[in-house]
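Numbering (the numbering used here), first residue to last: 192 to 329. Beta carbons: idealized from backbone N, C-alpha and C, even for Gly. These numbers were taken from a predicted model, which means no experiment stands behind them. Presented below is the structure to which this report refers.
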Amino acid sequence: MLFAVVDDHPLWRTGLEVELKKAFPTAAVLQARDGEDYEQQCAGGVRPDLALVDYTMRPRDGLATLQWIRQAQPGTRAVLISVDPYPELVRAAMAAGSMGALHKSVDAQELLQAVATVLAGDFHHNWVMRDYLAWSLD
């Protein structure tokens with residue numbers, strides 16, 4: 192099992208790696224500081240099973256990274272993580288291939304629930320998705 196954590200904050204990346212390795216002791220975790228770094232690290236054919244992708248990064252943000260994953264790594268599942276997952280962002284992330292959206296305040300239990308759900312091929316539904324659906328129906 193290979194996970195990718197794509198985020199411009201090193202402490203956040205490391206924290207996610209620790210939680211993922213607690214739940215999946217034999218897994219490896221690729222850390223990338225942004226979408227361009229992620230693409231470079233995957234250039235040799237590396238294909239994570241799941242990528243957790245932050246929205247706000249430079250030079251390549253989360254939406255562009257999700258689009259790249261969908262096009263270049265169709266077997267890699269992805270989840271958006273954001274400090275402000277507002278409805279328009281969630282819609283754009285889903286259109287770009289995200290199978291869920293998490294707020295950065297997520298606890299380890301919900302993170303791991305999202306990971307398990309998405310690895311099983313399902314969309315992760317939580318309050319972020321509920322708010323998006325309510326907004327889209329208005």
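**Asked** Roughly how many angstroms separate the alpha carbons of Met248 and Ala218, rounded to a whole number?
**Response** By 1-based counting over the sequence shown, the position of residue 248 is 57. By 1-based counting over the sequence shown, the position of residue 218 is 27. When rounded, the distance between both Cα atoms is 25 Å.
**Prompt:** So what's Val197 in DSSP terms, helix, strand or just coil?
**Reply:** Translated into positions along the sequence shown, residue 197 becomes position 6. Strand, per DSSP.
**Prompt:** Less than 8 Å separating the beta-carbons of Asp225 and Arg204?
**Reply:** As a working mapping, residue 225 is identified with position 34 in the sequence shown. As a working mapping, residue 204 is identified with position 13 in the sequence shown. Not a contact, by the Cβ cut-off of 8 Å.
**Asked** Expressed to the nearest angstrom, what Euclidean distance is found between the alpha-carbon atoms of Asp275 and Pro265?
**Response** To locate residue 275, count along the sequence shown from 1; it is residue 84. To locate residue 265, count along the sequence shown from 1; it is residue 74. The alpha-carbon of Asp275 is positioned some 26 Å away from that of Pro265.
**Item:** Val270 (DSSP reduced to helix, strand or coil)
**Value:** For the purposes of this step, residue 270 is taken as residue 79 along the sequence shown, with counting starting at 1. If DSSP states are grouped into helix, strand and coil, Val270 belongs with the strands.
**Request:** Can you tell me which of the three DSSP states Val297 falls into?
**Result:** The residue given as residue 297 occupies position 106 in the sequence shown. Coil at Val297, not helix or strand.
**Message:** Can you tell me whether Gly312 sits near the ligand MN, meaning its C-beta is under 7 Å from at least one heavy atom of the ligand?
**Reply:** In the structure shown, the ligand MN is absent, as is every other ligand, since no ligand is present at all.
**Asked** Does the count of Cβ pairs from the stretch 256-263 and the stretch 277-290 closer than 8 Å reach three?
**Response** Yes: at least three Cβ pairs fall under 8 Å.
**Asked** Hey, out of Asn317, Gln222 and Val197, whose CA is closest to Asp298's CA?
**Response** For the purposes of this step, residue 298 is taken as the residue at position 107 of the sequence shown. Looking at the Cα atoms, Asn317 is the closest of the given residues.
**Request:** Please confirm whether Ala292 and Ala269 have their CB atoms less than 8 Å apart.
**Result:** For the purposes of this step, residue 292 is taken as the residue at position 101 of the sequence shown. For the purposes of this step, residue 269 is taken as the residue at position 78 of the sequence shown. No, Cβ-Cβ distance for Ala292 and Ala269 is not below 8 Å.
**Request:** Please go through the stretch 217-281 and give each complete beta strand (DSSP E) segment of 3 or more residues, from N-terminal end onward.
**Result:** Counting whole runs of 3 or more residues, the stretch 217-281 contains the beta strand (DSSP E) stretches 219-223, 241-245 and 268-273.
**Message:** Looking only at its chain, what residues have a beta carbon closer than 7 Å to the beta carbon of Glu175, apart from the 5 residues adjacent to it on each side?
**Reply:** Any question about residue 175 goes unanswered here, given that the chain covers just 192 to 329.
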